[in-house]
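Novice: Pasting a structure here, questions to come.
2 protein chains.
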Amino acid sequence: MSTALPTAPDALAQRLADSGLRSTPQREVVYDVLLKKRDHPTADEVFVRVKAELPTISLATVYNCLETLVQCDLVRAVNFERGPTRYCPNLRPHAHFHDERSGATHDIDLPPELLERVNAILPPDYDAKSVEIIFRGKAAAPRSSEHRVASSEHSAR
Amino acid sequence: MSTALPTAPDALAQRLADSGLRSTPQREVVYDVLLKKRDHPTADEVFVRVKAELPTISLATVYNCLETLVQCDLVRAVNFERGPTRYCPNLRPHAHFHDERSGATHDIDLPPELLERVNAILPPDYDAKSVEIIFRGKAAAPRSSEHRVASSEHSAR
DNA sequence: CCGCTATTTGGAATAGTTCCAATTCTCACT
DNA sequence: AGTGAGAATTGGAACTATTCCAAATAGCGG
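The structure is reproduced here in structure tokens:
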């Protein structure tokens, strides 16, 4: 607690500190790279870009850093659910709710008017063939005696 | 074109025919399995279930059949983009548009009121920690003066 | 019944990611 | 400044989901 705190030159250090984590060159550069070119790069692409500055960094570290940044809410992982693809024969418009607790995926009916509204946010020159809406969170545990596999169970891994 | 058409005992055969594909036991059973237990199974899970009926089926076939069903619009693949996870430092609420042509992912700003509306479709006992909205389709090629690399490029694989 | 093509099959190959054990780094404390 | 403890990084091996491929099979049209 000694010290002239650096007047927040960067948000990253701050956020990391908030989570009790250290600011490291690797984390900084990974974050910089993401900020500098906002093209939703993959971990591999980030790896390549970061290596330009930190030639000895390892891919594992890039994954670690990305994970850390996601934890700190500085970065969003776009392909959230990295598990296997799931298949669903429900043809009505619906969203999916992914229950973190059980690993189950539930269909949530989607009022057509809402679907339209969602589609309406697209600029005119974007032609969407499909939309996918996915929630993640916790569904109230069906308390008590329920063994009812209402809509889906996957062994939570 | 001979024939007493079987009076559509099942939609599957129909749909397949429409796409110029054959109805096979494997496809039937895979589809049945999906209809019978609507728990968003993975390909592996489907594989296991189908084997109960067709013990000699291979995993590759299950993948093939699932793919076929998706093509025929009888089934939806929930994990749409099976590629690598992408990372995005945009913290404002936004959806993603995945351009099939270029492979690029663009951020689409999401009016907060719409976000609320979307959240509102959840039954009360569902507690969503996050929502992800993903469009897929084609974005008009930004011809002419637009250099706006608004958000991203990935080499289309 | 024959041939042709669609489909299935098993196994090998790939891709993305995670895991792990060993090393290095940093900070706090003397 | 020196040291010990915990964090973070590293490289490589391991894993998992999926795709690819070439050979075998099956089913329809003639």
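Protein chains in written order, with the numbering used here: chain A, 249 to 405; chain B, 249 to 405.
By construction, the Cβ of each residue, glycine as well, lies at the ideal position given by its N, Cα and C atoms.
Does the stretch 325-342 of chain A touch the stretch 353-363 of chain A, meaning 3 or more C-beta pairs lie closer than 8 Å?
Specialist: The stretch 353-363 of chain A is in contact with the stretch 325-342 of chain A.
Novice: Hey, how far is the Cα of arginine 408 of chain B from the Cα of glutamate 361 of chain A?
Specialist: Coverage of chain B is limited to positions 249 through 405, which leaves residue 408 of chain B absent and any answer about it impossible.
Novice: Figure out for me which residue from A/His344, A/Arg286, A/Ala265 has the closest Cα to the Cα of valine 323 of chain A.
Specialist: Selected option, being the one with the closest Cα: A/Arg286.
Novice: Just to confirm, is the Cβ distance from tyrosine 218 of chain B to leucine 307 of chain B under 8 Å?
Specialist: No answer is possible for residue 218 of chain B: the residues shown for chain B start at 249 and end at 405.
Novice: Taking glutamate 380 of chain A as part of the beta strand (DSSP E), name the residues at either end of that continuous run.
Specialist: 374-387
Novice: Could you tell me the alpha carbon to alpha carbon distance between arginine 275 of chain A and tyrosine 374 of chain A, rounded to whole angstroms?
Specialist: 35 Å
Novice: I believe valine 326 of chain A touches threonine 353 of chain B by the beta-carbon criterion, under 8 Å. Please report the beta-carbon distance rounded to the nearest angstrom.
Specialist: 7 Å
Novice: If you draw a straight line from the C-alpha of serine 350 of chain B to the C-alpha of proline 289 of chain A, how long is it?
Specialist: Approximately 14 Å between the Cα atoms of the pair.
Novice: Check distances from the C-beta atoms of the stretch 265-279 of chain A to those of chain B and list, in chain order, the residues that come in under 7 Å.
Specialist: none
Novice: By the criterion of Cβ-Cβ separation under 8 Å, what are the contact partners of asparagine 338 of chain B in chain A?
Specialist: Arg286, Arg324
Novice: Just to confirm, are cysteine 313 of chain A and arginine 263 of chain A a CB contact at a threshold of 8 Å?
Specialist: no
Novice: Roughly how many angstroms lie between the CA atoms of glycine 385 of chain B and isoleucine 381 of chain A, to the nearest whole one?
Specialist: 15 Å
Novice: What does DSSP give as the partner residues of alanine 325 of chain A in its beta bridges?
Specialist: B/Tyr335
Novice: Grouping DSSP H, G and I as helix and E and B as strand, with all else coil, what is aspartate 347 of chain A?
Specialist: strand
Novice: Between glutamate 301 of chain B and leucine 370 of chain B, what straight-line distance do the alpha-carbon atoms span, to the nearest angstrom?
Specialist: The straight-line gap separating the alpha-carbon atoms of glutamate 301 of chain B and leucine 370 of chain B is approximately 37 Å.
Novice: Since arginine 334 of chain A meets chain B, which of its residues come closer than 8 Å, beta carbon to beta carbon?
Specialist: His288, Pro289, Thr290, Ala325, Val326, Asn327
Novice: Which value, in whole angstroms, describes the spacing of the CA atoms of leucine 283 of chain A and valine 277 of chain A?
Specialist: 10 Å
Novice: Looking at alanine 291 of chain B and valine 318 of chain B, is the spacing between their C-beta atoms short of 8 Å?
Specialist: no
Novice: Which residues of the stretch 374-388 of chain B have a Cβ closer than 8 Å to any Cβ of chain A? Give them in chain order.
Specialist: Tyr374, Asp375, Ala376, Lys377, Ser378, Val379, Glu380, Ile381, Ile382, Phe383, Arg384, Gly385, Lys386, Ala387, Ala388
Novice: So is aspartate 347 of chain B buried or exposed if we call it buried at 16+ other beta carbons inside 10 Å?
Specialist: Here aspartate 347 of chain B is buried: its Cβ has 16 or more other Cβ atoms, across all protein chains shown, within 10 Å.
Novice: Can you tell me the Cα-Cα spacing of arginine 270 of chain B and valine 294 of chain A, whole angstroms?
Specialist: 44 Å
Novice: Does the CB of isoleucine 305 of chain B have a neighbour CB from chain A at under 8 Å?
Specialist: no
Novice: When you compare only the Cα positions, how much space is there between serine 267 of chain B and proline 332 of chain A?
Specialist: 27 Å
Novice: Is there a Cβ from chain A that is less than 8 Å from the Cβ of phenylalanine 345 of chain B?
Specialist: yes
Novice: State the CB to CB distance for the pair valine 298 of chain A and isoleucine 305 of chain A, rounded to an integer number of angstroms; the pair is presumed to be in contact (CB under 8 Å).
Specialist: 5 Å
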